[in-house]
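A.B. asks: Just passing along the structure, written as structure tokens.
Numbering (the UniProt record's numbering), first residue to last: 1 to 536.
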């Protein structure tokens, strides 16, 4: 640690690590770091593993108590390391939380006890509920609520998960009836506990998390009574909605919105893609929401202060990216470590006509088809595991290309560079493939803060929001994230390669359309959820 005075910024982060049901163990890291707020230097850090469970096919859950235990352990160990460095922890000026946005919890305000496990964003148990809601919408239009929420009706978002809890968990229904139930995404659960819990804990969330519930009006920036009636959700259980950067106990910002800020995408048209369990490509669209006509989400990017304007983004979400590597390792036994996938793929440099659509949790943007299933095709007697490894990496890049094409059409301004972060970006072959398939450069920053997963070291710069509202307010817009340390870039190769890649992309999209076709049966039993349709 350099000598001299340090202004410190604390940060806690939950990090999804690649895997996919029905593997018995899904590793999640909770991460805590302390930075020098003037130099962005990491001074102290700690991480804790927690597990995710898979009670049934397509179900993904977390233990809320284990979440809080890991948060407390991270904070305690980070502070202990500061003490060992002779740094007074009272000099930590601000703490921020960034989290999975759609993961859903309900707990008892009187006892502080969770009433059910957290239902994770990837969970598919609400598939038949979503299908029924769509069938009852005018014209069976999955975008029936998009004019209010920016989102299609999907298993991805919190409202249908909360509806499932109300329909299927007696403890949740009873707590709602007696006025004891509180709902929130992971940020709300952490903030409530860290600010007092049942002894006056703050029940709040930020705009970026609220915008992923399907209960939040992205125009009025408030919980929408019409949407709550539609899903039959009592508004009194919802948290207060605040900006992403103000003092209310702990600062909070949804993980992908935090990455957009951390990558310095403050200007309209700038974009970043995070390669983790899934892929999440966000493009800053400025102070007015842009409604997608090509299957993307319109979401709240950030609101950096109570009286600051809200910034919106177009988002394309891919459910399975790094998780396909874990699937090849854990389910298929192709490799011993995830890093071997790059080596295998590099040895052949081609998929030899093999295509892989990893629709393990349905397909997100632009299809929004929860019943989609994975496909591997184009196999010949010559195909081996090296070709399959290459096809898996190509699948990540092809899906990102599909999102980028849709984004370019919606925004009307073709993207000329993509900023990237996340665990998979350390895979050089993947990044070169991505540049070739997108036909634009991709740039990866490596300095900021480091999260570790089963793939390799990853960098995801999202340290800024916690201290934007505190006594530390740097001139953030003048700070270039790519000037703070070494960055790597992959540039697309020649015209011949570009033409070949475009041909491969078209073939992949045809196969992906087959994956998204509604020929796959839903395995989820029906539950009661009768929608009350709002007018468009």
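Quick reminder that beta carbons are idealized off the backbone N, C-alpha and C, glycines included.
For residue 440 and residue 172, what's the separation of their Cα atoms in angstroms?
C.D. replies: Whole-angstrom Cα-Cα distance: 49 Å.
A.B. asks: Please classify residue 293: does DSSP put it in a helix, a strand, or coil?
C.D. replies: Residue 293: coil per DSSP, three-state reduction.
A.B. asks: Where does residue 328 fall in DSSP's three states?
C.D. replies: DSSP places residue 328 in helix when its eight states are reduced to three.
A.B. asks: Mind checking whether residue 401 and residue 437 have CB atoms under 7 Å apart?
C.D. replies: Yes; because the gap between Cβ atoms is below 7 Å, this pair is in contact.
A.B. asks: So, is residue 85 buried or exposed, given that buried needs 16 or more other C-beta atoms within 10 angstroms?
C.D. replies: Under this definition residue 85 is an exposed residue.
A.B. asks: Can you tell which of 268, 367, 230 and 388 has its C-alpha closest to the C-alpha of residue 344?
C.D. replies: Of the listed residues, the one whose Cα sits closest to residue 344 is 388.
A.B. asks: Out of 196, 309, 43 and 236, which has the shortest C-alpha to C-alpha gap to residue 287?
C.D. replies: It is 309.
A.B. asks: Within 10 angstroms of its Cβ, does residue 551 collect 16 or more other Cβ (buried), or is it exposed?
C.D. replies: Shown here, the chain extends from 1 to 536; a query on residue 551 therefore has no answer.
A.B. asks: Taking residue 299 and residue 313 to be in contact with their CB atoms under 8 Å, please state how far apart those CB atoms are, rounded to whole angstroms.
C.D. replies: At roughly 5 Å, the Cβ-Cβ gap stays under 8 Å, so residue 299 and residue 313 are in contact.
A.B. asks: Specify the secondary structure class of residue 74 as computed by DSSP and reduced to three states.
C.D. replies: Helix, per DSSP.
A.B. asks: Name the residue from 132, 68 and 302 whose alpha carbon lies nearest to the alpha carbon of residue 189.
C.D. replies: Of the candidates 132, 68 and 302, the one whose C-alpha sits nearest the C-alpha of residue 189 is 68.
A.B. asks: I'd like to know if the stretch 172 to 185 and the stretch 230 to 247 are in contact, where contact means that at least 3 CB-CB pairs between them fall below 8 Å.
C.D. replies: Touching, yes.
A.B. asks: Considering residue 387, what are the terminal residues of the alpha helix (DSSP H) in which it resides?
C.D. replies: From DSSP, the alpha helix (DSSP H) with residue 387 extends over 385 to 411.
A.B. asks: Any idea if residue 140 is buried or exposed, counting beta-carbon neighbours within 10 angstroms, 16 or more meaning buried?
C.D. replies: By the neighbour-count rule (16 or more Cβ atoms within 10 Å), residue 140 is not buried but exposed.
A.B. asks: Could you give the DSSP three-state label for residue 317: helix, strand or coil?
C.D. replies: Strand, per DSSP.
A.B. asks: DSSP beta-bridge partners for residue 88?
C.D. replies: Beta-bridge pairing links residue 88 to no other residue.
A.B. asks: DSSP on residue 123, reduced to helix/strand/coil?
C.D. replies: Residue state, collapsed to three classes: coil.
A.B. asks: Please list, in chain order, all residues of the same chain as residue 148 whose beta carbon is under 8 Å from its beta carbon, the five residues on each side excluded.
C.D. replies: Excluding residues within five positions, the ones whose Cβ falls inside 8 Å are 217, 218, 219, 224, 226, 227 and 534.
A.B. asks: Around the Cβ of residue 516, are there at least 16 other Cβ atoms within 10 angstroms (buried) or fewer (exposed)?
C.D. replies: Its Cβ being crowded by 16 or more others within 10 Å, residue 516 is buried.
A.B. asks: Give me the residue from 55, 38 and 111 with the minimum Cα distance to residue 65.
C.D. replies: When only C-alpha atoms are compared, the closest one is 111.
A.B. asks: Return yes when the Cβ of residue 422 is within less than 7 Å of the Cβ of residue 276, no when it is not.
C.D. replies: The answer is yes: Cβ separation under 7 Å.
A.B. asks: Taking Cβ to Cβ, would you say residue 296 is nearer than 7 Å to residue 278?
C.D. replies: Against a cut-off of 7 Å, the Cβ pair of residue 278 and residue 296 comes out as no contact.
A.B. asks: Hey, could you find the ends of the beta strand (DSSP E) residue 146 is sitting in?
C.D. replies: From DSSP, residue 146 is part of no beta strand (DSSP E) but of the alpha helix (DSSP H) over 146 to 149.
A.B. asks: What's the C-alpha gap between residue 105 and residue 384?
C.D. replies: Roughly 43 Å separates the two Cα atoms.
A.B. asks: Go to residue 283, then tell me how far its beta strand (DSSP E) extends in each direction, as first and last residue.
C.D. replies: Start and end: 279 to 286.
A.B. asks: How long is the line joining the alpha carbons of residue 117 and residue 167, rounded to whole angstroms?
C.D. replies: Answer to the nearest angstrom: the Cα atoms are 15 Å apart.
A.B. asks: Is residue 431 near the ligand MN, going by C-beta to nearest heavy atom under 6 Å?
C.D. replies: The model on display carries no ligand, and the ligand MN is accordingly not part of it.
A.B. asks: Should the stretch 412 to 431 be regarded as contacting the stretch 363 to 375, the criterion being three or more beta carbon pairs within less than 8 Å?
C.D. replies: No, the stretch 412 to 431 is not in contact with the stretch 363 to 375.
A.B. asks: For residue 41 and residue 76, what's the separation of their Cα atoms in angstroms?
C.D. replies: The alpha-carbon atoms of residue 41 and residue 76 are separated by roughly 20 Å.
A.B. asks: Output the distance between the C-alpha atoms of residue 419 and residue 269, rounded to the nearest integer angstrom.
C.D. replies: One C-alpha to the other measures close to 12 Å.
A.B. asks: Can the beta-carbon of residue 126 be found less than 7 Å from the beta-carbon of residue 176?
C.D. replies: For residue 126 and residue 176, no; Cβs fall outside 7 Å.
A.B. asks: Which residue comes first and which comes last in the alpha helix (DSSP H) that contains residue 550?
C.D. replies: In the structure displayed, the chain extends from 1 to 536; residue 550 sits before or after that span and is not available.
A.B. asks: Assign residue 409 to buried or exposed, taking buried as 16 or more other Cβ atoms, counted over all protein chains shown, within 10 Å of its Cβ.
C.D. replies: Residue 409 comes out exposed.
A.B. asks: For residue 98, count the other beta carbons within 10 Å of its own beta carbon; 16 or more makes it buried, fewer makes it exposed. Which is it?
C.D. replies: When all chains shown are included, residue 98 counts as buried.
A.B. asks: Taking all protein chains shown into account, decide if residue 333 is buried (16 or more other Cβ within 10 angstroms of its Cβ) or exposed.
C.D. replies: Burial call: exposed.
A.B. asks: Could you check what DSSP says for residue 56 in three-state terms: helix, strand or coil?
C.D. replies: Three-state DSSP puts residue 56 in coil, outside helix and strand.
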